[in-house]
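Counting in the working numbering, the sequence shown runs from 48 upward without gaps.
Note that beta-carbon positions come from the ideal geometry of N, C-alpha and C, so glycine has one too.
In this text the structure is predicted, and so the values were computed from the model without any measurement.
Working notes, beginning with the structure itself.
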Amino acid sequence: MIMVWNTQDLVDTANESPCVPMAKIDNAQDMGVFSLDVNKHITFDMKNKTSTVSEMALELFDVYDGHTSSVTCVRYSHNGEYLVSTSVDKLVKVWDNEGNCVASLDGHNRYVNCATISKDLSIIASGKYNMLKNVSMMFKISDKLVRMFKISKENNAEEHCFSPLEGHTYAINHVEFSSNGNTLASCSQDGCAILWDAATGEKIRSLPKNILSLKVCRFCPDNTLLLTAGDDEKAILWNSETMEKLAQFEGHLDTISGACVSPDGLISVTVSVNADYRIWSLESFACLYIKEDAHDYGIQDCDMSHNLEPIPNLTINAQSYLLVTCGNDSLVKLWRISLPNKCDTSIDKIEVKLWRSLQGHGGNVLCVRFSQIVSEFVCSTATDRQARIWSVYSANCLYVLDHDSIVTSCYFNVDCSLLATGCLDKTLWLWKLPQHLMFQSAVADKIQSRAKPIIDWTTADIIKWLKNIEMHGLIPVATNCCLDGKKLITLTVDQICALLDLDESEQEKFQKEIRWLKNREIKLEAANTLDIPDEFLCPITHEIMSEPVMCSDGFTYEKNAITEWFMSGKYTSPMTNEVLSNTDVTRNIKLRNEIYEFLDMNEEDV
Numbered sequence: 048m049i050m051v052w053n054t055q056d057l058v059d060t061a062n063e064s065p066c067v068p069m070a071k072i073d074n075a076q077d078m079g080v081f082s083l084d085v086n087k088h089i090t091f092d093m094k095n096k097t098s099t100v101s102e103m104a105l106e107l108f109d110v111y112d113g114h115t116s117s118v119t120c121v122r123y124s125h126n127g128e129y130l131v132s133t134s135v136d137k138l139v140k141v142w143d144n145e146g147n148c149v150a151s152l153d154g155h156n157r158y159v160n161c162a163t164i165s166k167d168l169s170i171i172a173s174g175k176y177n178m179l180k181n182v183s184m185m186f187k188i189s190d191k192l193v194r195m196f197k198i199s200k201e202n203n204a205e206e207h208c209f210s211p212l213e214g215h216t217y218a219i220n221h222v223e224f225s226s227n228g229n230t231l232a233s234c235s236q237d238g239c240a241i242l243w244d245a246a247t248g249e250k251i252r253s254l255p256k257n258i259l260s261l262k263v264c265r266f267c268p269d270n271t272l273l274l275t276a277g278d279d280e281k282a283i284l285w286n287s288e289t290m291e292k293l294a295q296f297e298g299h300l301d302t303i304s305g306a307c308v309s310p311d312g313l314i315s316v317t318v319s320v321n322a323d324y325r326i327w328s329l330e331s332f333a334c335l336y337i338k339e340d341a342h343d344y345g346i347q348d349c350d351m352s353h354n355l356e357p358i359p360n361l362t363i364n365a366q367s368y369l370l371v372t373c374g375n376d377s378l379v380k381l382w383r384i385s386l387p388n389k390c391d392t393s394i395d396k397i398e399v400k401l402w403r404s405l406q407g408h409g410g411n412v413l414c415v416r417f418s419q420i421v422s423e424f425v426c427s428t429a430t431d432r433q434a435r436i437w438s439v440y441s442a443n444c445l446y447v448l449d450h451d452s453i454v455t456s457c458y459f460n461v462d463c464s465l466l467a468t469g470c471l472d473k474t475l476w477l478w479k480l481p482q483h484l485m486f487q488s489a490v491a492d493k494i495q496s497r498a499k500p501i502i503d504w505t506t507a508d509i510i511k512w513l514k515n516i517e518m519h520g521l522i523p524v525a526t527n528c529c530l531d532g533k534k535l536i537t538l539t540v541d542q543i544c545a546l547l548d549l550d551e552s553e554q555e556k557f558q559k560e561i562r563w564l565k566n567r568e569i570k571l572e573a574a575n576t577l578d579i580p581d582e583f584l585c586p587i588t589h590e591i592m593s594e595p596v597m598c599s600d601g602f603t604y605e606k607n608a609i610t611e612w613f614m615s616g617k618y619t620s621p622m623t624n625e626v627l628s629n630t631d632v633t634r635n636i637k638l639r640n641e642i643y644e645f646l647d648m649n650e651e652d653v
């Protein structure tokens, strides 16, 4: 018999009436009930309920068939995703929520009558009589080693001569390269984080050991800072050179399962199995925002878009970021984070909005990663043994990659030509992605967002413009003085030159560029009345070009036009219809100057 009781009735000493069970089931098991446990998912759903009921319904949901003798004990994992059972048949079995037996542990030589699981899922303890036996949990399989492989141009994988890297004493939870590829960071259930030389495999330094397991370690973009977090519900920011502890972020009520850092290094995000995520300032170390119940049943991982302009045509006066999270509700979610411009001191005015919700997985989503540089794709992996590649902007699932086991991790290479996925069965899969994904990624990296009015330009837009006109030396000064579109429009050319502290040669070039920039739209519109030479017209739009770029077919096109051509899935030459060898474009400075001179000469006529 199974009986369900209201604990409030049991502890209420003022009530003299006998306690009555809320529900009961007779003959629940043929030979009697030896053990029971309640799934964490149920208690999670009920934790915020204040109403009480005197009766409830119990009904059979599923039967897990696998033991050959009496089952002596059942225990759910802390997150409710796995069930451990012990039996007289000497086995300990691990089940997922679909009723699949994901592991069968056979270390005992007599019947097993009890078991329990550590909070971090790293250890199962099972017992027979007075004998305790520790068994490594199958969810976190690891030989405590870091292995490094090199990938040839032919996509062949070969382990480095100095691999494996030894240093950890327990299973490894996360590895991450620095942005320059020189350093590798790893963290483990032993509470340690180690930095390795990626070229030699030598151990550079290690962080002070944490008491509990570390789940994640992430570098900041400039590689000077390292963020670690784990089972102690805290995230710590370290100086990666000196190993000095710079800040400790506290507030989560359960294990921190993932963390990430924005591409400009201003903010970081931590996510928890308690279903909340928090945004932190890496300048003031303050908590800027808390999002409760972001996913049902907890969050597993997160990542931040590498693109500082992640959402097209967004002209708000703020810096936008794109955050992706995944959780035990089988969903992948994209969140738009908006911060006032860095020049604005009101950084506490943060806005967060759910932008996309991606549905398709049939199990807990364990890992999410943006593609690098422009981050127009997201890969997610899950317990349904699938990895999915999503389009960030259309929210469509582009590809479903099937595996033989639960997929626990994923990562894109720089040019989006390869995707690496790791599985629970100790296998590493390397996928060669379709070429048009490479093309689209390369084009998006080289092409600016659609043009917006100069007055709406941010400092980031000014920096892009300076790069385009090949005046890179002005970028630090423009950044420091927060030069934006409003200043560019309202200040005179001489005032701007003084603000940027230009010498004579720079001043002459800059005056010419800014004069053209301010008058470009007017002149281009007025050019419709002129007899324009054919070489000044874009072969696609048949309009005069403002940003001519040369493609691999040898022809010159308007930058935005050839971009639209590529982004629509066309990878042939607009002029010859032959397949292009690549999507690289180079600015045709000579032709651009000729167009400028032509418009200046005919200014009086228009």
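query: Are there 16 or more other CB atoms within 10 angstroms of the CB of His519, so buried, or fewer, so exposed?
result: Residue numbering aside, residue 519 sits at position 472 when the sequence shown is read from its first letter. Looking at its Cβ environment, which holds fewer than 16 other Cβ atoms inside 10 Å, His519 is exposed.
- request: Rank Lys338, Ile397, Cys426, Val80 by C-alpha distance to the C-alpha of Gln406 and give the top, closest one.
  value: Start at 1 with the first residue of the sequence shown, and residue 406 comes out as number 359. If we check each option's Cα against that of Gln406, Cys426 comes out closest.
- prompt: Can you tell which of Ser117, Glu356, Gly238 has the C-alpha that lies nearest to the C-alpha of Asn257?
  reply: Here residue 257 refers to the residue found at position 210 of the sequence shown. Asn257 has its Cα closest to that of Gly238, out of Ser117, Glu356, Gly238.
query: Leaving out the 5 sequence neighbours to the left and right, which residues in its chain are closer than 6 Å to Tyr336 when beta-carbon positions are compared?
result: Along the sequence shown, read from residue 1 onward, the residue named residue 336 stands at position 289. Excluding sequence neighbours, Tyr336 sits near Ile326, Ile397, Val399.
Nearest candidate by alpha-carbon position, reference Thr610, set Val149, Ser309, Phe459, Ile587: As a first step, residue 610 must be located in the sequence shown, where it is residue number 563. Nearest option by C-alpha distance: Ile587.
message: According to DSSP, is Asp431 part of a helix, a strand, or is it coil?
response: Within the sequence shown, numbered from 1, the residue matching residue 431 stands at position 384. In this structure, Asp431 counts as coil in the three-state DSSP scheme.
Nearest neighbour of Ser367, chosen from Ser82, Thr506, Val412 [CA to CA]: Along the sequence shown, one-based indexing puts residue 367 at 320. Nearest option by C-alpha distance: Thr506.
- request: Inspect the CB distances between the region 278-295 and the region 339-356 and report whether three or more fall short of 8 Å.
  value: no
Cβ-based burial, Lys71 [other Cβ within 10 Å; buried from 16]: Taking the first residue of the sequence shown as 1, we reach residue 71 at position 24. Answer is exposed; the Cβ neighbour count stays below 16.
- request: Would you mind reading off the limits of the beta strand (DSSP E) that contains Gln406?
  value: The count along the sequence shown starts at 1 and reaches residue 406 at position 359. 398-406 is the extent of the beta strand (DSSP E) around Gln406.
query: Do you know offhand how far Lys96's Cα is from Asp451's?
result: Within the sequence shown, the letter at position 49 stands for residue 96. Within the sequence shown, the letter at position 404 stands for residue 451. At Lys96, the pLDDT of 44 sits below 50, so the modelled position is not reliable and the matter cannot be decided from this model.
message: I'd like to check one pair, Ile591 with Leu535: are the Cβ atoms closer than 8 Å?
response: Residue mapping note: residue 535 aligns to position 488 of the sequence shown, counting from 1. Residue mapping note: residue 591 aligns to position 544 of the sequence shown, counting from 1. The answer is no: Cβ separation not under 8 Å.
message: So, under 8 Å CB-CB, Gly248 and His207 are touching, yes? Tell me the CB distance rounded to an integer number of Å.
response: For the purposes of this step, residue 248 is taken as residue 201 along the sequence shown, with counting starting at 1. For the purposes of this step, residue 207 is taken as residue 160 along the sequence shown, with counting starting at 1. Right, their Cβ atoms sit about 7 Å apart.
field: Coarse secondary structure for Asp391, derived from DSSP in three states
entry: The residue labelled residue 391 in the question sits at position 344 within the sequence shown. Confidence in Asp391 is poor, its pLDDT being 49 and thus under 50, which makes the residue's placement unreliable; the coordinate value appears in the next sentence. Three-state result, Asp391: coil.
message: For Glu356 and Pro268, what's the separation of their Cα atoms in angstroms?
response: Taking the sequence shown and counting its residues from 1, the one referred to as residue 356 is at position 309. Taking the sequence shown and counting its residues from 1, the one referred to as residue 268 is at position 221. Whole-angstrom Cα-Cα distance: 16 Å.
query: Does the separation of the CB atoms of Ser134 and Val110 fall below 8 Å?
result: Translated into positions along the sequence shown, residue 134 becomes position 87. Translated into positions along the sequence shown, residue 110 becomes position 63. Not closer than 8 Å, so no.
field: Given 8 Å, three or more beta-carbon pairs between the region 509-527 and the region 462-470
entry: no
task: Tell me whether Arg383 is buried or exposed, calling it buried when 16 or more other Cβ atoms sit within 10 Å of its Cβ.
output: Counting from one through the sequence shown, the residue named residue 383 turns up at place 336. With 16 or more Cβ atoms within 10 Å of its Cβ, Arg383 is classed as buried.
Neighbourhood of Asp301 by C-beta distance below 7 Å, restricted to the same chain and skipping five residues each side: To locate residue 301, count along the sequence shown from 1; it is residue 254. For Asp301, where only same-chain residues beyond five positions count, the Cβ hits under 7 Å are Glu280, Ser319, Val320, Asn321.
message: Could you check whether Thr428 and Thr455 sit closer than 8 Å to each other, using their CB atoms as the reference points?
response: Numbered from its first residue, the sequence shown carries residue 455 at position 408. Numbered from its first residue, the sequence shown carries residue 428 at position 381. Contact: yes.
query: For the candidate residues Ser552, Asn649, Val596, whose alpha-carbon lies nearest to that of Asp578?
result: Your numbering for residue 578 matches position 531 in the sequence shown. Asp578 has its Cα closest to that of Asn649, out of Ser552, Asn649, Val596.
message: Restricting to Cα atoms, I'd like to know which of Met622, Glu560, Tyr618 is closest to Glu644.
response: Here residue 644 refers to the residue found at position 597 when the sequence shown is read from its first residue. Of the candidates Met622, Glu560, Tyr618, the one whose C-alpha sits nearest the C-alpha of Glu644 is Glu560.
query: Under a three-way DSSP split, which group does Phe332 fall into?
result: Residue 332 sits at position 285 when you count from the first residue of the sequence shown. The answer is coil: DSSP assigns Phe332 none of H, G, I, E or B.
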